[in-house]
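Quick notes on the structure that follows.
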Amino acid sequence: MEYIPDTLYGVARQLQRSKQLMPIVLVKLYIYQICRALGYTHSMGICHRDIKPQNLLLNPTTHVVKICDFGSAKMLQKNEPNVSYICSRYYRAPELIFGATDYSTAIDVWSLGCVFGELLLGSPLFPGESGVDQLVEIIKVLGTPTRDQIEAMNPNYTEFQFPQIQAHPWSKVFRSRTPPEAIDLIAKMLEYDPINKNVADFCADLPNL
């Protein structure tokens, strides 16, 4: 078995401690590899369900990234219920927070978008302290979801009483030197509506950053 000495989490924390940001060329290289790997697992019908920096092995010398820890992975079947309490909190898709049990591989795309944003920002995008607070952190950036968006995430969710908060521009979430093409791609990954989130489409867009 190939030995990979570090994780994306470990390398990112080292940079954070030295008050450095990861070079965009490396962010692009790492996210592209993760995207390709997820494209393969999704093509096999497998959803990882716990994409996060700690589960992304990294060789800092060769810059090879590999996904690990498939302990939560599952082959998803349409109309077959799944547990909604899955995926580490900072990277948990909103449909899971809304209690959806009939979800898709789009939850991995959301997690990937969170990792992408974290590498550019130098800290987690949505650092919620609890399940409810996680939704609050998401709403602070994406704004309050509409009734249609909530229905797309979980048709069985019936509580619609949320404070009306306007979306915060993505361009103001990231530093001024962040490539706008990268911000646009993250914004597409981190949409409320999980429909049509195909990881292969994002792989195709990455070389254009």
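For the sequence shown, the positions run 1 to 209 when full-length UniProt numbering is used.
Quick reminder that beta carbons are idealized off the backbone N, C-alpha and C, glycines included.
The model shown is predicted, which means the values in this text are computed figures rather than measured ones.
Cβ-based burial, residue i [other Cβ within 10 Å; buried from 16]
i      : result
LYS52  : buried
HIS168 : exposed
GLU95  : buried
PHE126 : buried
ARG177 : exposed
Strand pairing of residue i, partner residues [DSSP]
i      : result
LEU8   : Beta-bridge pairing links LEU8 to no other residue.
MET189 : Per DSSP, none; premise fails for MET189.
LYS74  : CYS47
Reduced DSSP category for residue i - H, G, I as helix; E, B as strand; rest coil
i      : result
VAL65  : strand
LEU125 : coil
ASN59  : strand
SER111 : helix
GLN161 : coil
THR41  : helix
GLU181 : helix
TYR85  : coil
GLN54  : helix
GLU118 : helix
GLN33  : helix
GLN166 : coil
Residue i: first and last residue of the uninterrupted alpha helix (DSSP H) it sits in
i      : result
LYS172 : 170-173
CYS203 : 199-205
ASP102 : Unbroken run through ASP102: none, as it is neither H nor E.
LEU21  : Unbroken run through LEU21: none, as it is neither H nor E.
ALA152 : 147-153
GLY131 : 131-142
GLU80  : Here GLU80 belongs to no alpha helix (DSSP H), and DSSP marks it neither H nor E.
PRO94  : 94-97
Inter-residue Cα distance where the pair is residue i and residue j
i      : j      : result
PRO23  : GLY122 : 11 Å
MET75  : GLY45  : 5 Å
GLN67  : LYS28  : At residue 67 the sequence reads Ile, which differs from the Gln that was named. In a straight line, the C-alpha of ILE67 is about 16 Å away from that of LYS28.
ARG175 : ILE31  : 19 Å
TYR103 : ALA152 : 10 Å
LEU21  : ASN79  : 42 Å
ILE139 : ILE165 : 7 Å
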